[in-house]
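Structure first, commentary second.
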Amino acid sequence: MAALRYLLALLSVAALLGADQSRYTRLLWSDEFNTPADTPPDPRYWSHLIGNGIGEIGLYGWGNFEMQYYTDAPSNAYSDGAGHMIIEARRLERAGFLDNGDVIDQLCPERPAGGPCRYSSARIHTQGKVAYRFGRIEARIKYPQGDGVWPAFWMLGNDASFDPQSSGYWPQCGEIDIAEYFSVHRHQMGHFLYYPQSPALGHGEEVKGSDFSLDFHTYALEWEPHEIRWYIDGVMTQRIERSKVKEWVFDKPFFLIFNIALHESPMMGDPKNTEFPKRMVIDYVRWYAP
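In terms of numbering that gives the first Met the number 0, the sequence shown is numbered consecutively and its last residue is 289.
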């Protein structure tokens, strides 16, 4: 019995160490998405990335062989009228043409060679509108699942630029992946940092849990000058200390991003095998300070 009590005590201590004992209580900014149905993202806070990359600098498929064409169409990012923002990836009825009939003037990566874009999606971001340095960032999200479906909640340095000559070109700008879901693997959620000299696949790991596509979960990041901590539903799932990072570029303001990308590979699966549309449902996003 004494051994059992000791084991229970150890488990209680471990639970407390893993639990979110947050001191972040001052709300800096939030979007609760309480807007009428079919309302687009609030332009005071959100902008859209458009297209499938920048061919002039060889950045096809946004550098990841992504197969979607990002739009600002209300069919790809909209309120459901019930307090949620929806990011929706869609299979286009006619390859190379948007739902409104507009011609897509780019080719999209598709193995073994590029071809007309077959999917549309949205990538909304707060660059130049909402960006802070440090704090607690959290969002309550229900992720989609499917072969080749790649949704994410993440951040880039506010100086991020697509100009290769800029000091804000990736990865110099820095990237923090709060919750990156390789959804073909239902039980794995990615927490990663990217920075100059970071590992090619990022500094961090995929954490295992329940099937993250079945319900809403709260994904949070606590970002401090000396370390960054990740949480899922209040439980700390990863910590990276500044001393473990070769080149720390995380002392400046960062902005937020939500998106669904599509990608075909042996690791990710093939979106051709997936039934569309796929929806990322965001209940809220909030940024706190101590």
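Quick reminder that beta carbons are idealized off the backbone N, C-alpha and C, glycines included.
With DSSP as the reference, label residue i as helix, strand or coil.
i, result
"K128", "coil"
"P108", "coil"
"G62", "helix"
"P270", "helix"
"G54", "helix"
"Y68", "strand"
"A36", "coil"
"G286", "Note that residue 286 corresponds to Trp in the displayed sequence, not to Gly. W286: strand per DSSP, three-state reduction."
"A76", "strand"
"L9", "Residue placement at L9 cannot be trusted, given a pLDDT of 32 that sits under 50; the coordinates are not used to answer."
"F96", "strand"
"R4", "Confidence in R4 is poor, its pLDDT being 39 and thus under 50, which makes the residue's placement unreliable; the coordinate value appears in the next sentence. R4: helix per DSSP, three-state reduction."
"L27", "strand"
"H190", "strand"
"H202", "strand"
"R43", "coil"
"H83", "coil"
How many angstroms separate the CA atom of residue i from the CA atom of residue j?
i, j, result
"H202", "T125", "24 Å"
"E221", "W229", "6 Å"
"I56", "P163", "8 Å"
"G189", "G80", "30 Å"
"T273", "P289", "43 Å"
"D146", "E174", "25 Å"
"G114", "F191", "31 Å"
"P276", "Y283", "22 Å"
"K243", "G233", "24 Å"
"P195", "P35", "42 Å"
"D71", "E205", "30 Å"
"S209", "R278", "19 Å"
"Y287", "K251", "16 Å"
"M154", "N51", "19 Å"
"P39", "I86", "10 Å"
"Q105", "F152", "26 Å"
"C172", "F249", "9 Å"
"P108", "A178", "25 Å"
"G268", "Y69", "20 Å"
"M84", "D30", "10 Å"
"I297", "W61", "Any answer about residue 297 is impossible in this case: the structure gives the chain only from 0 up to 289."
"E65", "Y77", "22 Å"
"L97", "A121", "13 Å"
"P170", "Y193", "6 Å"
"L48", "R25", "30 Å"
For my contact list, residue i and residue j are in at a C-beta cut-off of 8 Å; report their separation, rounded to the angstrom.
i, j, result
"N75", "S46", "No, N75 and S46 are not in contact; Cβ-Cβ is about 14 Å, not under 8 Å."
"F215", "I140", "7 Å"
"A219", "W149", "In fact, because the Cβ distance is near 21 Å, the residues do not count as touching under 8 Å."
"E137", "T217", "6 Å"
"F32", "Y142", "The Cβ separation is near 16 Å, so there is no contact."
"Y23", "R135", "4 Å"
When we look at the beta-carbon of residue i and count the other beta-carbons within 10 Å, is it buried (16 or more) or exposed?
i, result
"P198", "exposed"
"V183", "buried"
"E223", "exposed"
"V129", "buried"
"L200", "exposed"
"M266", "exposed"
"S165", "exposed"
"Q99", "Strictly speaking, residue 99 in this sequence is Asn, with Gln absent from that position. With fewer than 16 Cβ atoms within 10 Å of its Cβ, N99 is classed as exposed."
"A2", "Any reading at A2 needs caution, since the residue's pLDDT is 38, under 50, leaving its predicted position unreliable; the model's value is listed next. Exposed."
Secondary structure, beta strand (DSSP E): runs of 3+ residues fully inside the segment 219-268: 226-231, 234-240 and 253-261
message: Extract the residue ranges of the alpha helix (DSSP H) inside the segment 130-188, only unbroken runs of 4 or more that lie entirely within it.
response: none
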